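The structure under discussion appears below in the form of structure tokens.
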Amino acid sequence: KYKGPSYENLKATRRANLSPALTTYYGKPLALNQGYKQWLFDLDGKRYLDMFGGICTVSVGHSHPKITEAVNEQMSTLGHCSNVYYHPKIHQYAEKLAAKLPNKLKVIYFVNSGSEANDLAVLMARCYTRKSDIVSLKNCYHGMTYETMALTCNGYYKYPVPQSPGFFRTMNPDVYRGIWGGQNCRDGPVQTDRVCNCSQECEAGIKYLQQFDEELKYEFPKCGIAAFFAESIQGVGGAVQYPKNYIKGIYNRVSATGGVFVSDEVQTGFGRTGEHFWGFQSHEIEPDIVTMAKGIGNGFPLAAVATTPEIAESLTKAGHFNTFGGNPVSSTVGLAVLDIIEEENLQENSKTVGTHLLVELAKLRELSPFVGDVRGKGLMIGVELVSDKETKIPLDSGRFLKLWETCLENGLIVGKGGLHGNVLRIKPPMCITQEDADFTVDILRDALGKI
Ligand code: PMP
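Numbered according to full-length UniProt numbering, the sequence shown spans residues 17 to 467.
Below you can see the structure in the form of structure tokens.
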């Protein structure tokens, strides 16, 4: 039973002592006390099915006993030691994580957050290529440090201050909202009734790549591209998927100019997309740098950057240091997460339960005038809500919030995202069952009926 400060007390402290820029979900923000597997419990003990996993972070389930046990043991042996010494845990962890990656990505840097990981990747790319320009996709989110704020392309996260120089964006090859379509040429189990005229190569993909070629030639400065950053499926952007072969086309173009490709696997890594351990594998590329966070630590502040020995060598021109990155406790957590994903077959579960959930959610498109698109792969899912399916006008915030609150009342937590805030983001702990998937669809169907 919860014995801490009252709800009113929490509200007052939040107002007085925490950042006023922090957003809260729901009209009456949810106050949480406990978590177990795929469930969360509020201060009164009411249970919720957590289909958002702390924004795609809780990968193997809340309060996993194996992690708790391992952390307790490590904390009582050696809680922290700097990386200026050897400690077996970081060595074991780096070895195990590298084994999950393509052979060429042998060197791992441990940091504490996704923003820090992407910040480091920017530095690495610039040091290695000796070029300066960084390109990302419109509608992307890669972090909130000063550099990654410039990398991110969503006005909501852009403060009215000069942005770091050297960052450029290209068109987002969004197959649902983008001007060239390509909906049937995306990866994943949900197909659409829209006719796709592509024969061999996706025509939409080709057009977006041609656009990039033009930007390269006529728009971007001549400093040269140091790196192209992309997620395998956009997370904060609303589970946006690209046409088949688009990422591969970008990878080839960027490599040809001497730049590197950075895959941000902060949301799509660690088995979430089901078919593969990493999202980039669906795009049939081997990135030069991979950044990871969130699910890597199941909620513990842990993140990493993986790269090739050659790129890593370029970072030896000056000292590079991180006090907490890969400390004994965070390495212990990371190791336990990898073990649990294997032991509990969570990648396979993401695939089977995720596919079932996607197929069932897709049926809501026929039932509801508001479900414009259902997309994703494994347990990386987006449901885009619209006022009108033809014009794709985003669902107004009033109706969206009503639907969202109805879900909460009925014990279901789903996320919110997309540029227009009209996409339901579904990224639960990967231990959910088919029953949980069916419960989610039932509650959503009911809530859609009420708006
Ligand atoms: N990259 C992606 C794809 C993310 O979704 C996020 C967080 N939403 C980040 C980077 C930044 O991670 P963090 O909040 O840990 O700094």
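All residues carry an ideal CB built from backbone N, CA and C; glycine is no exception.
Since this is a predicted model, take the numbers as computed values, not measurements.
- Check whether the Cβ of D190 lies closer than 7 Å to any heavy atom of the ligand PMP, and answer yes or no. With a threshold of 7 Å, the Cβ atom of D190 does not count as near the ligand PMP, since no heavy atom of the ligand is closer than that.
- Could you please give the first and the last residue of the uninterrupted beta strand (DSSP E) stretch that includes G315? Segment: none, G315 is in no beta strand (DSSP E) and carries neither H nor E.
- Query: Any heavy atom of the ligand PMP within a distance shorter than 7 Å of the CB on D280?
  - Reply: For the ligand PMP, at least one heavy atom lies less than 7 Å from the Cβ of D280.
- Report the residue from V306, L331, V369 whose alpha carbon sits nearest the alpha carbon of T323. The candidate whose alpha carbon is nearest that of T323 is V306.
- Query: Just reading off the beta strand (DSSP E) that A220 is part of, what are its end residues?
  - Reply: First-last for A220: 219-230, but that is the alpha helix (DSSP H), not the beta strand (DSSP E).
- Of the residues K405, G275, G311, G313, which one's Cα is nearest the Cα of residue 469? Since the first residue of the chain shown is 17 and the last is 467, residue 469 is not available in this structure.
- Message: On the criterion of 16 or more Cβ atoms from any shown chain inside 10 Å, does T39 qualify as buried, or is it exposed?
- Response: The C-beta of T39 has fewer than 16 other C-beta atoms within 10 Å across all chains shown, which makes the residue exposed.
- What are the start and end residues of each continuous beta strand (DSSP E) run of 3 or more residues lying completely inside the region 369-443, in chain order? Runs of the beta strand (DSSP E) inside the region 369-443: 387-393, 396-404, 431-433, 439-442.
- Item | Per-residue DSSP class, three states only, for G287 | Residue state, collapsed to three classes: coil.
- H372 Cβ short of 7 Å to the ligand PMP heavy atom set: Outside the cutoff, so no.
- Whole angstroms is fine: what's the gap from Q283's alpha carbon to K116's? Distance between the alpha carbons of Q283 and K116 is about 16 Å.
- Query: My guess is that V399 and V387 are in contact by the Cβ rule of under 8 Å, so how many angstroms apart are they, rounded?
  - Reply: Between V387 and V399 the Cβ distance is about 6 Å, and since that is below 8 Å, they are a contact.
- Message: Does K333 pass the burial test, meaning 16 or more other C-beta atoms within 10 Å, or should it be called exposed?
- Response: Only exposed fits K333, as fewer than 16 other CB atoms lie within 10 angstroms of its CB.
- Have a look at N155 and L94 and give me their C-alpha separation to the nearest angstrom. Inter-residue distance for N155 and L94 is about 42 Å (C-alpha atoms, whole angstroms).
- Use the C-beta contact count for D229: other C-beta atoms within 10 angstroms, 16 or more gives buried, fewer gives exposed. With fewer than 16 other beta carbons inside 10 angstroms of its own, D229 counts as exposed.
- Query: Which partner residues of E247 appear in the DSSP bridge assignment?
  - Reply: According to DSSP, which records beta bridges pairwise, E247 is partnered with D280.
- Query: Distance, Cα to Cα, H103 vs C97?
  - Reply: Going by the C-alpha atoms only, they are around 8 Å apart.
- Among D454, L464, I467, K466, nearest to R67 - alpha-carbon criterion: First, the residue type needs correcting, since residue 67 is Met and not Arg in the sequence shown. The shortest C-alpha separation from M67 is found at D454.
- Query: How is Q50 classed by DSSP in three states: helix, strand or coil?
  - Reply: Here Q50 sits in strand by DSSP.
- Message: Nearest by alpha-carbon distance to E364: which of L351, G394, V390 is it?
- Response: Restricting attention to L351, G394, V390, the CA atom closest to the CA of E364 is found in G394.
- Item | Integer Cβ distance of P317 from S129, believed to fall under 8 Å | Yes, they are in contact, since the Cβ atoms of P317 and S129 sit about 6 Å apart, within 8 Å.
- Residue of L136, R461, A28, N338 minimising C-alpha distance to C423: Across the set L136, R461, A28, N338, the C-alpha of R461 shows the shortest separation from the C-alpha of C423.
- Task: Helix, strand or coil for L117, going by three-state DSSP, please let me know.
- Result: Reduced to three states, the DSSP call for L117 is coil.
- Message: Any heavy atom of the ligand PMP inside 7 Å of the beta-carbon of N134?
- Response: Between the ligand PMP and N134, a heavy atom-to-CB distance of less than 7 Å is present.
- Query: Is A255 near the ligand PMP, with its Cβ less than 7 Å from a heavy atom?
  - Reply: Not one heavy atom of the ligand PMP falls within 7 Å of the beta-carbon of A255.
- Query: Would you say A309 touches the ligand PMP, meaning its beta carbon is less than 7 Å from a heavy atom?
  - Reply: For the ligand PMP, at least one heavy atom lies less than 7 Å from the Cβ of A309.
- Message: For G313, tell me which candidate among G197, S79, N268 has the shortest Cα-Cα distance.
- Response: Ranking G197, S79, N268 by Cα distance to G313 puts S79 first.
- Message: For the region 278-292 against the region 83-92, do three or more pairs of beta-carbon atoms, one drawn from each stretch, fall closer than 8 Å, so that the two count as touching?
- Response: The region 278-292 makes no contact with the region 83-92; the number of CB pairs closer than 8 Å stays below 3.
- Task: Kindly indicate which three-state DSSP category F455 falls into: helix, strand or coil?
- Result: Of the three classes helix, strand and coil, the one that applies to F455 here is helix, per DSSP.
- Query: Do A166 and S180 have their C-beta atoms closer together than 8 Å?
  - Reply: In contact: A166 and S180 (Cβ atoms closer than 8 Å).
- Message: Which of the three DSSP states is assigned to F296 in this structure?
- Response: F296: helix per DSSP, three-state reduction.
- Message: Can you determine whether any heavy atom of the ligand PMP sits closer than 7 Å to the C-beta of G159, and answer yes or no?
- Response: Correct: G159 has its Cβ closer than 7 Å to the ligand PMP.
- How many angstroms separate the CA atom of N361 from the CA atom of K112? Going from the Cα of N361 to the Cα of K112 covers about 17 Å.
- Message: Give me the residue from D412, E231, N25, R142 with the minimum Cα distance to H436.
- Response: Checking every option, the nearest Cα to that of H436 belongs to D412.
- Query: Given a threshold of 16 other Cβ atoms within 10 Å of its Cβ, counted over all protein chains shown, does S92 qualify as buried or as exposed?
  - Reply: Under this definition S92 is an exposed residue.
- Rounded separation between V390 and N99 - CA only: When rounded, the distance between both Cα atoms is 45 Å.
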